[in-house]
Amino acid sequence: MGFIDLLSEAGLAVLNSWLTTRSYIATYSPSQADVACFKAIQSAPDASKYPHAARWYKHVASFEDEFATLPGDASKAYTTYGPEETAATLNPAKAPDAAEDDDVDLFGSDDEEEDAEAARVREERLAAYKAKKESKPKPAAKSVVTMDIKPWDDETDMVALESAVRAIEKDGLVWGRSQLVPVGFGIKKLQINLVVEDEKISVTELQEEVEGIEEYVQSSDVAAMQKL
Numbered sequence: 002m003g004f005i006d007l008l009s010e011a012g013l014a015v016l017n018s019w020l021t022t023r024s025y026i027a028t029y030s031p032s033q034a035d036v037a038c039f040k041a042i043q044s045a046p047d048a049s050k051y052p053h054a055a056r057w058y059k060h061v062a063s064f065e066d067e068f069a070t071l072p073g074d075a076s077k078a079y080t081t082y083g084p085e086e087t088a089a090t091l092n093p094a095k096a097p098d099a100a101e102d103d104d105v106d107l108f109g110s111d112d113e114e115e116d117a118e119a120a121r122v123r124e125e126r127l128a129a130y131k132a133k134k135e136s137k138p139k140p141a142a143k144s145v146v147t148m149d150i151k152p153w154d155d156e157t158d159m160v161a162l163e164s165a166v167r168a169i170e171k172d173g174l175v176w177g178r179s180q181l182v183p184v185g186f187g188i189k190k191l192q193i194n195l196v197v198e199d200e201k202i203s204v205t206e207l208q209e210e211v212e213g214i215e216e217y218v219q220s221s222d223v224a225a226m227q228k229l
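2 is the number of the first residue of the sequence shown in the working numbering; add one for each residue after it.
And the structure:
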């Protein structure tokens with residue numbers, strides 16, 4: 002059916018709704034469709050009431066010097082463009098007065114339905130994103146530990162001591178670099194780095210297991226520990 006009336010409030014509301022998702026009346030660039038509708042409006046639409054129509058009107062006005070050269074059929078009336086169905090009245094004088102009938106809402110229900118649909122889609126997307134984020138495996142919390150392991154005396158076989166320590170294997174435990182550090186009287190302690198997964202490995206229990214190597218180990222201390 003197209004636009005019926007672009008002079009009444011209802012007609013401008015139809016135009017505003019039509020331009021909500023469009024930059025121009027009929028194509029992706031200014032054409033005679035825009036010229037016909039522009040000329041059918043006596044003045045710029047109220048931007049506070051019809052922001053999309055006002056934006057379109059101001060933009061098309063910038064092409065006014067080029068109206069005659071814009072593509073399209075200049076003989077077509079503005080009524081050939083627009084939505085297939087419209088509730089706008091042909092005669093502005095007969096347009097329903099809002100003060101006479103407060104229950105008349107030509108476009109509010111559609112807006113409410115669109116708002117409800119947009120809210121539903123947004124909630125569904127947020128829920129999907131949240132579910133995807135929660136299902137994504139989180140990296141295990143890990144700590145880097147430097148452990149000092151002291152032998153009984155200067156005659157302790159430090160190579161055998163380190164081999165016995167590294168022989169301790171657990172899920173979530175990775176032994177790293179090591180070095181022998183002098184502590185005095187010819188005695189050297191084994192200082193070794195390790196990485197542990199916090200949920201799987203108790204450093205205290207690991208120390209007890211290291212100290213259980215009684216043939217070589219006198220004691221152990223955690224010299225440093227930090228989260229990865």
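Note that CB positions come from ideal geometry on N, CA and C, so glycine has one too.
query, result
"Report back the beta-carbon spacing between W57 and L20 to the nearest angstrom; my notes put them in contact at under 8 Å.", "5 Å"
"Helix, strand or coil for E210 per DSSP?", "helix"
"Output the distance between the C-alpha atoms of L16 and E118, rounded to the nearest integer angstrom.", "22 Å"
"How about V196 and V175: are their beta carbons less than 9 Å apart?", "yes"
"Should P138 be labelled buried (16 or more other beta-carbon atoms within 10 Å of its own) or exposed?", "exposed"
"State whether the region 140 to 158 contacts the region 183 to 194, with contact taken as three or more CB pairs (one from each stretch) at a distance under 8 Å.", "yes"
"On a CA-only basis, which of A14, A45, L71 is nearest Y29? Give me that one, please.", "L71"
"Alpha carbons only, please: which of A141, E206, A41 is nearest the one belonging to T81?", "A41"
"Out of Y217, I214, S220, V204, which has the shortest C-alpha to C-alpha gap to M226?", "V204"
"From M159, P31, Q219, pick the residue whose C-alpha is nearest to that of V182; which is it?", "M159"
"Please state the DSSP three-state secondary structure of S76.", "coil"
"Go ahead and label A161 buried or exposed: buried means 16 or more other beta carbons lie within 10 angstroms of its beta carbon, across all protein chains shown.", "exposed"
"If you compare alpha carbons, which of D199, I214, D155 is closest to L229?", "D199"
"What whole-angstrom Cβ distance do P31 and F64 have, given they're in contact under 8 Å?", "5 Å"
"Would you call Q43 buried or exposed, if buried means 16 or more other Cβ atoms sit within 10 Å of its Cβ?", "exposed"
"Just grab the DSSP bridge partners of W176 for me.", "L195"
"So, with DSSP's three-state summary, where would you put K134?", "helix"
"What does DSSP give as the partner residue(s) for T147 in the beta ladder?", "N194, A225"
"Under the DSSP definition of a beta bridge, which residues are partnered with V218?", "P152"
"Report all residues from its chain with a CB closer than 6 Å to the CB of A75; omit the five preceding and five following residues, and keep chain order.", "Q33"
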